[in-house]
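Following our numbering, the numbering of the sequence shown begins with 286 at its first residue and continues without gaps.
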Amino acid sequence: MAKSAQSSYAKRMYYFAYGANLNKRNMLRRCPVAEPLGVATLRDYKLCFKRFADIAPMLGGQVMGALWKVTPACVRALDSYEGSDYQHLKVTVLYAGQSVTATAYAMGTTSALAPPSMDYYRELTVGYRDWGLDEALLRRARYDILNVGTAKPPVEQNAPPAPMAKRRSALWDPAEQKSGSLGALTLGRGLLGVKRPTKE
C-alpha cells in the first residue's frame, strides 16, 4: 500500500447517516471510498423534518441509521452536499453492541419544522430498505410534522399532543394519495395502520 493511501486510511473516521445518505448508491457516488459498516442506533434523539431530515435531542428517543467509515475527503464532499444548513455534531452511537463516537450532521434549533417533499421522502425510503430499517419510524416522523408539528424547535415540544379531533386524519396530502406511489397512514383503534398503494 502506498504511503499516501496508508495515511488516508489511518485518518478514517466514523460517520452516522440517518437521512439521504442511507441511500447506499447515492452515498457511494458522493464518496466512492466510504466503507458501509452496519446499522447503528443514536439514543436520546428523535428524527424530525425541516424539509430535510434532522435530529433533535429527546430523552428516551432513538434514531436508527447507518455507520460509515469515511476519509477527510469524504467529509469535504459531504459538507458540500449538506450545505450551510447542517453542522457537524459529535454523537455516540451503538453499533454491534459497542459505543462508537461518530460525526453526524444536524441543523440545530433555528430552522422551522416542515414536511419533506415526496421526492426526498422517497429517497429516504430507499435508504431505509438498503439497511433493512423499519420504515414505520420514518412514517411516524413525517406524520408528527404534519399533524402535531409546530414552527418551534423539536427540543421545545414537550407539551401534550393536540386533541385527536384537531389532527389531520391522513399522513399524505390528497394529491399525494392520488399518485398511488406512496401509502397513506390512517388512525384506527388508536394505532397507525398502513393503507397499501394499489400499484408500485
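Here a beta-carbon is modelled for each residue, glycine too, at the ideal position from N, C-alpha and C.
On a predicted model such as this, the values are computed, not experimentally measured, just so you know.
VAL510, enclosing beta strand (DSSP E) - first and last residue = Residue 510 is absent from the structure shown; the chain starts at 286 and stops at 485.
Could you spell out the range, first to last residue, of the alpha helix (DSSP H) harbouring TYR428?
-> Locating residue 428 in the sequence shown gives position 143, where the first residue counts as 1. Residues 420–432.
On the three-state DSSP scale, how would you describe TYR299?
-> In the sequence shown, residue 299 corresponds to position 14, counting from 1. Strand at TYR299.
ALA325 versus GLY304, ARG361 and PHE337, residue with shortest Cα-Cα distance | Residue numbering aside, residue 325 sits at position 40 when the sequence shown is read from its first letter. Taking the Cα of ALA325 as reference, the smallest distance to any Cα among GLY304, ARG361 and PHE337 is reached at GLY304.
Separation of LEU398 from ILE430, as counted between CA atoms = Position 145 of the sequence shown, counted from the first residue, corresponds to residue 430. Position 113 of the sequence shown, counted from the first residue, corresponds to residue 398. The straight-line gap from Cα to Cα measures roughly 7 Å.
Per-residue DSSP class, three states only, for ALA381 = Numbered from 1 along the sequence shown, position 96 holds the residue referred to as residue 381. Residue state, collapsed to three classes: coil.
What number of angstroms, rounded off, separates the C-alpha of ASP323 from the C-alpha of ALA338?
-> Taking the sequence shown and counting its residues from 1, the one referred to as residue 323 is at position 38. Taking the sequence shown and counting its residues from 1, the one referred to as residue 338 is at position 53. Looking at the sequence itself, residue 323 is Gly, so the reference to Asp does not match. The straight-line gap from Cα to Cα measures roughly 20 Å.
Can at least three beta-carbon pairs, one atom from the region 411–423 and one from the region 307–319, be found at a separation below 8 Å?
-> yes
Answer with buried or exposed for ARG424, where buried requires no fewer than 16 other C-beta atoms within 10 angstroms of its C-beta.
-> Residue numbering aside, residue 424 sits at position 139 when the sequence shown is read from its first letter. ARG424 comes out buried.
Report the rounded CA-to-CA distance for TYR366 versus PRO342, giving the unit in angstroms.
-> By one-based count along the sequence shown, residue 366 stands at place 81. By one-based count along the sequence shown, residue 342 stands at place 57. Those two C-alpha atoms are separated by around 24 Å.
When you compare only the Cα positions, how much space is there between GLY345 and LYS331?
-> As a position in the sequence shown, residue 345 is number 60, starting the count at 1. As a position in the sequence shown, residue 331 is number 46, starting the count at 1. Approximately 9 Å between the Cα atoms of the pair.
Length at least 3, wholly inside the region 337–380: the beta strand (DSSP E) runs in chain order | 337–355 and 372–380
According to DSSP, residues forming a beta bridge with TYR390 = What you label residue 390 is simply residue 105 of the sequence shown in a count that begins at 1. DSSP, once it has assigned bridges, lists HIS373 as partnering TYR390.
Nearest to LEU379 by CA position, among ASP370, LEU363 and MET349, is which residue?
-> The residue given as residue 379 occupies position 94 in the sequence shown. Closest by alpha carbon: MET349.
Can you tell me whether THR377 is buried or exposed, with buried defined as 16 or more other CB within 10 angstroms of its CB?
-> As a first step, residue 377 must be located in the sequence shown, where it is residue number 92. Exposed, since its Cβ has fewer than 16 Cβ neighbours within 10 Å.
Can you grab the Cα-Cα spacing for the pair TYR300 / ASP404, in whole Å?
-> Translated into positions along the sequence shown, residue 300 becomes position 15. Translated into positions along the sequence shown, residue 404 becomes position 119. One C-alpha to the other measures close to 24 Å.
On a CA-only basis, which of TRP416, HIS373 and LEU363 is nearest ALA387? Give me that one, please.
-> Here residue 387 corresponds to residue number 102 of the sequence shown, with the count starting at 1. Of TRP416, HIS373 and LEU363, the residue nearest in Cα terms is HIS373.
Residues near VAL385 in its chain [Cβ-Cβ closer than 6 Å; skip 5 each side] = The residue labelled residue 385 in the question sits at position 100 within the sequence shown. Cβ neighbours of VAL385 within its own chain (closer than 6 Å, five residues either side excluded): TYR299 and VAL378.
Residue burial classification, PHE334 (beta-carbon count within 10 angstroms, cutoff 16) | Working through the sequence shown from its first residue, we reach residue 334 at position 49. Buried is the call here.
Would LYS375 be called buried (16 or more neighbouring beta carbons within 10 Å of its own) or exposed?
-> Stepping through the sequence shown from its first residue, residue 375 is reached at position 90. It is exposed - the Cβ of LYS375 has fewer than 16 other Cβ atoms within 10 Å.
DSSP beta-bridge partners of ALA399 = Sequence index remark: in the sequence shown, residue 399 carries index 114 (1-based). DSSP output for ALA399 lists LYS335 as bridge partner(s).
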